[in-house]
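Enquirer:
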Amino acid sequence: AQAGFTALLMLALLYCCLYSVVSIQTDFNVRLNELTVHSLIIEAGAEAKFCATLRQPSGTLVMTVTLMSREKNTTLFTHTSNEAFQTCVQFEAPLVRKEVQHFQVEVRGDTFYSKQVRKVMIQASDPVTFIQTDKPIYLPGQKGNNVATVFNYLTSCIMVTVTPGPSSDYTLTPLSGDLYTSCLCANERKTLRWTMIPTALGAVNVTVSAEAVASHVSCDNEVVSVPDRGRIDVVTKSLIVKAEGSETTKTYNWLLCPKGSPLTEEAEIHLPENVIEGSARTSVSVLGDILGRALKNLDGLLQMPYGCGEQNMALLAPNIYILHYLKGTQQLTAAIMEKATNFLTSGYQRQLNYKSADGAYTTFGTGPGNTWLTAFVVRSFAKAQSFVFIDPRKIEESKTWLQHKQQENGCFEKSGKLFNNGMKGGVSDEVTLSAYVTAAFLEMNTSQHVSRSLACLKESLSDLSNTYTTALLAYVFTLAGDVETRAHLLQHLDTVAVREGGFLYWSQTAAETSASLSVEISSYVLLAKLSASPTAEDLGYASGIIRWLTGQQNYYGGFSSTQDTVVALQALALYSTLVFSAEGWSTVTVQAPSSQLTFDVNQGNKLLYQEEALQDVSGKYRLEVKGTACASVQISATYNIPTPADVTTLSVKQVCTQVSIITLFKHRYSGKEETTNMVILDIKMLSGFSPDPESLKSLKRGLLVSRVEQKEDHVLVYLEEVSESHPINHSLEIIQELPVDNLKPAVVKIYDYYQPDLLALYANCRGSRRGAVRVLRWERTRRSNDFMTTDVRATGL
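Using the working numbering, read the sequence shown as starting at -10 and increasing by one per residue.
1) Would residue 308 be called buried (16 or more neighbouring beta carbons within 10 Å of its own) or exposed?
2) In the structure shown, what three-state DSSP assignment does residue 690 receive?
3) Quick test of your reading: residue 610 and residue 579, contact by CB under 8 Å. State the CB separation rounded to the nearest angstrom.
4) Label residue 719 either buried or exposed according to how many other C-beta atoms from any shown protein chain fall within 10 Å of its C-beta, with 16 as the threshold for buried.
5) I need the straight-line Cα distance from residue 245 to residue 547, nearest angstrom please.
6) Less than 8 Å between the beta carbons of residue 386 and residue 400, yes or no?
7) Just to confirm my understanding: we take residue 494, look at its own chain, exclude 5 residues before and 5 after, and list those with CB closer than 6 Å. What are they?
8) Who are residue 183's beta bridge partners in DSSP?
9) Cα-Cα, which of 98, 62 and 53 is closest to residue 78?
10) To the nearest angstrom, how far is it from the Cα of residue 605 to the Cα of residue 47?
11) Is residue 459 helix, strand or coil when you go by DSSP?
12) Look at the alpha carbon of residue 534 and the alpha carbon of residue 632, and state the distance between them as a whole number of angstroms.
13) Using the Cβ count rule (16 or more neighbours within 10 Å means buried), how would you classify residue 313?
14) DSSP three-state label for residue 665, please.
15) In terms of residue numbering, what span does the alpha helix (DSSP H) encompassing residue 369 cover?
16) For residue 270, does the three-state DSSP call read helix, strand or coil?
17) Measuring CA to CA, which of 460, 405, 492 and 433 is closest to residue 556?
18) Helix, strand or coil: how does DSSP classify residue 524 here?
19) What residue range is occupied by the uninterrupted beta strand (DSSP E) comprising residue 811?
20) Here's the rule: buried if 16 or more other CB atoms are within 10 angstroms of the residue's CB, otherwise exposed. What is residue 531?
21) If you draw a straight line from the C-alpha of residue 738 to the C-alpha of residue 670, how long is it?
22) Can you tell me which of 482, 561, 567 and 491 puts its alpha carbon nearest to the alpha carbon of residue 524?
23) Quick one: give me the first and last residue of the beta strand (DSSP E) that residue 447 is part of.
24) Taking the straight line between their C-alpha atoms, what separation do you get for residue 213 and residue 174?
25) For residue 629, which residues in the same chain have their Cβ closer than 6 Å to its Cβ, ignoring the five residues on either side in sequence?
26) Once the 5 residues before and after residue 190 are set aside, which same chain residues still bring their CB inside 8 Å of it?
27) Would you call residue 395 buried or exposed, if buried means 16 or more other Cβ atoms sit within 10 Å of its Cβ?
28) Between the Cα of residue 56 and those of 148, 91 and 299, spot the shortest distance and give me the residue it belongs to.
29) Could you check where the alpha helix (DSSP H) with residue 421 kicks off and where it finishes?
30) Does residue 683 pass the burial test, meaning 16 or more other C-beta atoms within 10 Å, or should it be called exposed?
31) Does any heavy atom of the ligand ADP sit closer than 7 Å to the C-beta of residue 256?
32) Are the CB atoms of residue 259 and residue 607 within a distance shorter than 8 Å?
33) Is residue 392 helix, strand or coil when you go by DSSP?
34) So residue 718 is in the beta strand (DSSP E); what residue range does that whole segment cover?
35) Suppose contacts are defined by Cβ-Cβ distances below 8 Å. Is residue 742 in contact with residue 694 by that definition?
36) Going by other Cβ atoms of all chains shown within 10 Å of its Cβ, with 16 needed for buried, is residue 437 buried or exposed?
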């Protein structure tokens, strides 16, 4: 009876984080009438999840989500609301035979109606045996349940044996009472469980097999059959095991240009004594282009959240500068063009979510238009027009809005909150902001109204005490072609430059140690030097800045934060265009304590990212570069350490219970500024836990909370600012979704988005799921005299 089946027994093993087997995200924006569905393959009969978002409804609206198939239509979700909301819904994929199904999302109100349909792939319900498992993201030593559900779509009974494969990376222990060989009749399912303890880090492969076996035991008074084909199937999938504690990455960067004579450099890497065992890894990467690392990671220059209009642009703008560089040096291939333009197009569409009807852009999609952000967007869109379609009307609308913000004195009025204190110059907010807007108009070759703003900016030149503002002004007057003013500003900047061993850079003040601000200031000086027909002397001067800038790059080719990454990559692209050479080669040799690696760089692989893991995670490394072409070399060391427990700022208590934890956060800041920049509170979930939906809603309404995001096993809270005079309080309840024993602490950190070295960490709750009390402590990271802290208290329910 089963001979006609091509595969009578097939095994599929799917993993999911915390909730379900797969996750479908449905992103619906009422204001722009858009729906985005990420198509996935869902197994028929499997548990799945979709997340729906309704933004900025203008009145009471009803959202209905329907899964449509030939067999039947199933309403998965209906919700009525006059407020924005986000929710995730679990559902069981229907047992359908047609693979392509459709999600239909309807939103209707008294005066509004919209319907969107997107495809989703459901693997047809052929007669197979199907296994699914649920999992949290594990830490070594934690104990959790590995749950497998076996399905039989045959029309007859079979005897099935389910067996996990052996592995040195984890242990699986059968739970008492579970029968791992049992009857499974037509359309039945059976759930089996193992206790799982991972012992290795990284992607751990878990193998499970299912076999239909012969048996003299009848099932349901029916003789057991063994399929002729598809009797056995084996599937291997990956389980993510993360190291506990706080992850730290240190990078060592060099731009080495041998010019025929060998160059050597040395680096020595020491790991802390308390490094988490097995977490350390070191690698070396080589490129023939200083922008190659950023090119490889166009969608991930920073490992930071991108939940507002400015941060979306920080993803978008570097792509534009790199594309202009590649096009100008004839290195732009069809593959790079396709990848980058797809990214630009999606980023452009996302940015329109933050656009107001009057042409201005807002940080979080609501509130008054933001002068600085609107200038950032319009200057970037104008440059992007060379590669993708940008509606010229939207650019003109934004220009007009900015021009209406020009005051009688020629400077521009601040509108909207300025989240970056770097723009708050010592002269005045007005001067720094006006310089930025003026630079945007000059980059777009828009001369109207610029003469008035330049006149206003000249009034501030008597006070050059703020290095950030001075560097920005130097770039503005370079673009304006004002040779005398440019020379005056650059001369002053040269007197306050920091010179160290061939490196050249600037800081906000002599005591300032913010890497992010230093990168941004130095990049503006570099742009000022190179934007006006640079001489050989200018290029020589710039090389010292370039050596320092490339030394500050992170593993992904970005820098510390968004604005320093944007401005630095703009400056690096300009420099690279000016010094580009289509000739030359080089050989890079890396001598580690117990091994040696060699990399070849030539004109055929300049943009190729070459990376090799080093056997020695610490020790002394020696680099040698021979040849005639420049090589960008990076050694990266990543490791975890226990979340610091030094009693420096505060100590707190948390009580964990089996069901839920409520964590109370009290944020404080003490430093020389009145407030911080925008602050991110990053709350990592304990394994097996997830945030309570109602608690998330309350958190979104909290004081100074601009946005709350849920990404994988993190909750990200965007705070407008934290001040010394007004501490703020928030709370979040997390609920245990999956049982995990021997819980390890998760890390919660709070940091200044634009100065990430203003950072504090604490270890979240730990202990068994039956409850534990632990005293937790903060690490306080000091930048100059600034401190930012968060009190954390937790109570169990």
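C-beta: ideal position from N, C-alpha, C; glycine also.
Keep in mind the model is a prediction, meaning the values are calculated, not measured.
Expert: Reading from the atomic positions:
1) The count along the sequence shown starts at 1 and reaches residue 308 at position 319. By the 10 Å Cβ count, residue 308 comes out buried.
2) Stepping through the sequence shown from its first residue, residue 690 is reached at position 701. Looking at residue 690 - three-state DSSP - the assignment turns out to be coil, as it is neither helix nor strand.
3) To locate residue 610, count along the sequence shown from 1; it is residue 621. To locate residue 579, count along the sequence shown from 1; it is residue 590. Sure, about 6 Å apart at Cβ, within 8 Å.
4) The residue labelled residue 719 in the question sits at position 730 within the sequence shown. Buried: at least 16 other Cβ atoms inside 10 Å.
5) Within the sequence shown, the letter at position 256 stands for residue 245. Within the sequence shown, the letter at position 558 stands for residue 547. Going by the C-alpha atoms only, they are around 19 Å apart.
6) Residue numbering aside, residue 386 sits at position 397 when the sequence shown is read from its first letter. Residue numbering aside, residue 400 sits at position 411 when the sequence shown is read from its first letter. Going by C-beta atoms, residue 386 is not nearer than 8 Å to residue 400.
7) The residue you call residue 494 lines up with position 505 of the sequence shown. Within its own chain, the residues whose Cβ lies closer than 6 Å to the Cβ of residue 494, once the five positions on either side in sequence are excluded, are 487, 507, 511 and 537, listed in chain order.
8) For this step, residue 183 is matched to residue 194 along the sequence shown. Per DSSP, 135 and 163.
9) Within the sequence shown, numbered from 1, the residue matching residue 78 stands at position 89. Cα-wise, what sits closest to residue 78 is 53.
10) The residue given as residue 605 occupies position 616 in the sequence shown. The residue given as residue 47 occupies position 58 in the sequence shown. Each residue's alpha carbon lies about 60 Å from the other.
11) As a working mapping, residue 459 is identified with position 470 in the sequence shown. Residue 459: helix per DSSP, three-state reduction.
12) Against the sequence shown, residue 534 aligns to sequence position 545. Against the sequence shown, residue 632 aligns to sequence position 643. Distance between the alpha carbons of residue 534 and residue 632: 35 Å.
13) Your numbering for residue 313 matches position 324 in the sequence shown. With at least 16 other beta carbons inside 10 angstroms of its own, residue 313 counts as buried.
14) Translated into positions along the sequence shown, residue 665 becomes position 676. Here residue 665 sits in coil by DSSP.
15) Against the sequence shown, residue 369 aligns to sequence position 380. Note, residue 369: alpha helix (DSSP H), 360 to 373.
16) By one-based count along the sequence shown, residue 270 stands at place 281. Residue 270: strand per DSSP, three-state reduction.
17) Start at 1 with the first residue of the sequence shown, and residue 556 comes out as number 567. Of the listed residues, the one whose Cα sits closest to residue 556 is 460.
18) Residue 524 sits at position 535 when you count from the first residue of the sequence shown. Coil, per DSSP.
19) In the structure as shown, the chain starts at -10 and stops at 786, and residue 811 therefore has no counterpart that could be examined.
20) Position 542 of the sequence shown, counting from 1, holds the residue named residue 531. It is buried - the Cβ of residue 531 has at least 16 other Cβ atoms within 10 Å.
21) As a working note, residue 738 is residue 749 in the sequence shown. As a working note, residue 670 is residue 681 in the sequence shown. When rounded, the distance between both Cα atoms is 6 Å.
22) Counting from 1 along the sequence shown, the entry for residue 524 is found at position 535. Nearest C-alpha to residue 524: 567.
23) For the purposes of this step, residue 447 is taken as residue 458 along the sequence shown, with counting starting at 1. Here residue 447 belongs to no beta strand (DSSP E); instead the alpha helix (DSSP H) covers 439 to 447.
24) Here residue 213 is taken as the residue at index 224 of the sequence shown, counted from 1. Here residue 174 is taken as the residue at index 185 of the sequence shown, counted from 1. Rounded to the nearest angstrom, the two C-alpha atoms are 9 Å apart.
25) Counting from 1 along the sequence shown, the entry for residue 629 is found at position 640. Same-chain partners within the cutoff: 232, 234, 236, 265 and 268.
26) As a working note, residue 190 is residue 201 in the sequence shown. If we look at residue 190 and ignore the five residues flanking it on each side, its Cβ neighbours are 129, 230, 231, 232, 267 and 268.
27) Translated into positions along the sequence shown, residue 395 becomes position 406. The residue in question, residue 395, is buried, as its Cβ has 16 or more Cβ neighbours within 10 Å.
28) Sequence index remark: in the sequence shown, residue 56 carries index 67 (1-based). The residue with the shortest Cα to Cα distance from residue 56 is 91.
29) Within the sequence shown, the letter at position 432 stands for residue 421. Residue 421 -> alpha helix (DSSP H) spans 418 to 432.
30) Locating residue 683 in the sequence shown gives position 694, counting from the first residue. It is exposed - the Cβ of residue 683 has fewer than 16 other Cβ atoms within 10 Å.
31) Although the ligand ADP was asked about, the structure shown includes no ligands whatsoever.
32) Counted from its first residue, the sequence shown places residue 607 at position 618. Counted from its first residue, the sequence shown places residue 259 at position 270. Taking 8 Å as the Cβ cut-off, residue 607 and residue 259 qualify as a contacting pair.
33) Here the question's residue 392 lines up with position 403 in the sequence shown. In the structure shown, residue 392 sits in a helix (DSSP, three-state: H, G or I).
34) Within the sequence shown, the letter at position 729 stands for residue 718. Residues 717 to 725.
35) One-based indexing of the sequence shown puts residue 742 at position 753. One-based indexing of the sequence shown puts residue 694 at position 705. Taking 8 Å as the Cβ cut-off, residue 742 and residue 694 do not qualify as a contacting pair.
36) Here residue 437 corresponds to residue number 448 of the sequence shown, with the count starting at 1. The residue in question, residue 437, is exposed, as its Cβ has fewer than 16 Cβ neighbours within 10 Å.
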